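To keep things clear, I will list the structure first and then write my remarks on it.
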Amino acid sequence: MRIAVLVLCLVVNLFAQNKNAEEILNKVINKFEQVEDYEVDLTISTDLQMVKMPDMKLKVFFKQPDKLKITSEGFAMVPKDGVNLNPLKFLKSEYSAVYVKNEKDEEDEKINLDVIKIIPLSDTADYILSTVWVDTENNLVRKLETVTKRGVNVTSRFYYKDTAYSLPSKVVVSFNQSGEAKSKQEEEKRFRQSLKGVVTLTYSDYKINRGLKDEFFK
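Under numbering that gives the first Met the number 0, the first residue of the sequence shown is numbered 0, with each subsequent residue one higher.
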């Protein structure tokens, strides 16, 4: 599968415009790093095929490079990666990036997006291929599509009220299972093959660069 993906991206690269994918991604990363810390209220709403869940209200605290704390009034089991607002956090491992094309945002034609395909080079990466749509005027990720090794297609759409920081006001994540899940247990395989849904994360009342102390996250 990885060889096929690499061949596809090499072919795309032959016909792509002459833009530097690494330079575009680095500008996105550098902008996110301007946020030294933040505190934000988060509401998570779910629309899942097989699971009914009430909305969750959380408070999220973050400090560069990777300190994260989540609090809630009631019980809330939320993976930290799921609320991490760095859309390119998966680039910590080795990868190859290929510039594909420039196109209009499908939801707002005033926004021009550069499309980049990202292929992991490490066997430990949990994804096969990612495609990112970057608003290069503001150095923001507007859309991210990822195919995981378990055959799950994940699409994240990012919305911003303020483009000064890489902190979205809303993220809509849709996912569905495609093909055969690589699971050792037959029951787990059947569950994942039918897995699909939408999760909406709404962020409000940001407090940015207030100087959160390391001790707060212990």
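Cβ coordinates follow ideal geometry from the N, Cα and C atoms, glycine included.
Fair warning: this is a prediction, and the values are worked out from it, not measured in the lab.
Judged by DSSP in its simplified three-state form, residue 196 adopts strand. If you check the CB distance, residue 213 and residue 66 come in under 8 Å. By the beta-carbon neighbour count (other beta carbons within 10 angstroms, threshold 16), residue 113 is buried. The DSSP-derived three-state label of residue 35 is coil.
The closest CA to that of residue 137, considering only 19, 18, 23, is found on 23. Beta-bridge pairing by DSSP links residue 60 to 38, 68. 203 is the residue among 209, 203, 217 whose C-alpha sits nearest the C-alpha of residue 41. Looking at the DSSP output, residue 169 shares a beta bridge with 158, 201. Secondary structure of residue 120 (DSSP, three-state): coil. The three-state secondary structure of residue 25, taken from DSSP, is helix. One thing to note: residue 119 has its Cβ within 8 Å of the Cβ of residue 94.
Here the alpha carbon of residue 157 sits roughly 21 Å from the alpha carbon of residue 208. Looking at 103, 165, 151, 168, the one whose alpha-carbon comes closest to that of residue 175 is 151.
When secondary structure is reduced to three states using DSSP, residue 54 falls in the coil class, being assigned neither helix nor strand.
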